[in-house]
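The C-terminal position of the sequence shown is numbered 142 in the UniProt record's numbering, with every residue numbered one higher than the one before it. All C-beta atoms, glycine included, are put in the ideal place defined by N, C-alpha and C. Presented below is the structure to which this report refers.
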Amino acid sequence: MMQKQREEHANKERHVVNLLTLMDVDGDQLVTFEEFVASLEQQEVRDYLSALEVDVTDAKVFFQMLDDRDGSGSVDIMEFTSGMQKFRGEAKSVDIHMMLHENKKLFKLVSCLVGMLWADFDEEDGEEDSFGICPEDEDADD
Numbered sequence: 001m002m003q004k005q006r007e008e009h010a011n012k013e014r015h016v017v018n019l020l021t022l023m024d025v026d027g028d029q030l031v032t033f034e035e036f037v038a039s040l041e042q043q044e045v046r047d048y049l050s051a052l053e054v055d056v057t058d059a060k061v062f063f064q065m066l067d068d069r070d071g072s073g074s075v076d077i078m079e080f081t082s083g084m085q086k087f088r089g090e091a092k093s094v095d096i097h098m099m100l101h102e103n104k105k106l107f108k109l110v111s112c113l114v115g116m117l118w119a120d121f122d123e124e125d126g127e128e129d130s131f132g133i134c135p136e137d138e139d140a141d142d
């Protein structure tokens, strides 16, 4: 039983590495968003994703979740393999992770807006701004 699970795990790891190789058009060991989107047009890539039980319903959000570790705009092999392991399974797993990712972004936005409202309120009262202005959000162009 354990041997079969190890073989299945090794097989899925090979699928992930093969998938990354297919997506990495320029061979730099990184997958950019453009490479990711273009690769989704290939039947072989869709077959690998299907074999891994990964459903990519929203390519942009899915890629952002893969790139969540450093936000570099490209995904290295570590981000790719850990992301694929995390999103593997029923589509519901991917949906939950997408919602969590979007909730993080919304929480940052709401926190920023509340801080700005308090800053305006403090200025009207003549008090010093204790909240400051929100730092630049790296996801602002989403």
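Let me know the secondary structure DSSP gives residue i once reduced to three states.
i, result
"residue 74", "strand"
"residue 31", "strand"
"residue 129", "Residue placement at residue 129 cannot be trusted, given a pLDDT of 49 that sits under 50; what the coordinates show is reported in the next sentence. DSSP places residue 129 in coil when its eight states are reduced to three."
"residue 40", "coil"
"residue 57", "coil"
"residue 122", "helix"
When we look at the beta-carbon of residue i and count the other beta-carbons within 10 Å, is it buried (16 or more) or exposed?
i, result
"residue 117", "exposed"
"residue 113", "exposed"
Relative to the C-alpha of residue i, which residue among the options is closest?
i, options, result
"residue 15", "44, 40, 59", "44"
"residue 64", "2, 26, 79", "79"
Would you report the Cα separation of residue i and residue j, rounded to the nearest angstrom?
i, j, result
"residue 46", "residue 19", "9 Å"
"residue 2", "residue 48", "24 Å"
Task: the stretch 95–103 in contact with the stretch 51–71 per 3-pair CB rule at 8 Å - done: yes
Open item on the list: If contact is defined by three or more beta carbon pairs under 8 Å, each pair taking one atom from either stretch, is the stretch 102–109 in contact with the stretch 29–44?
Closed with: no
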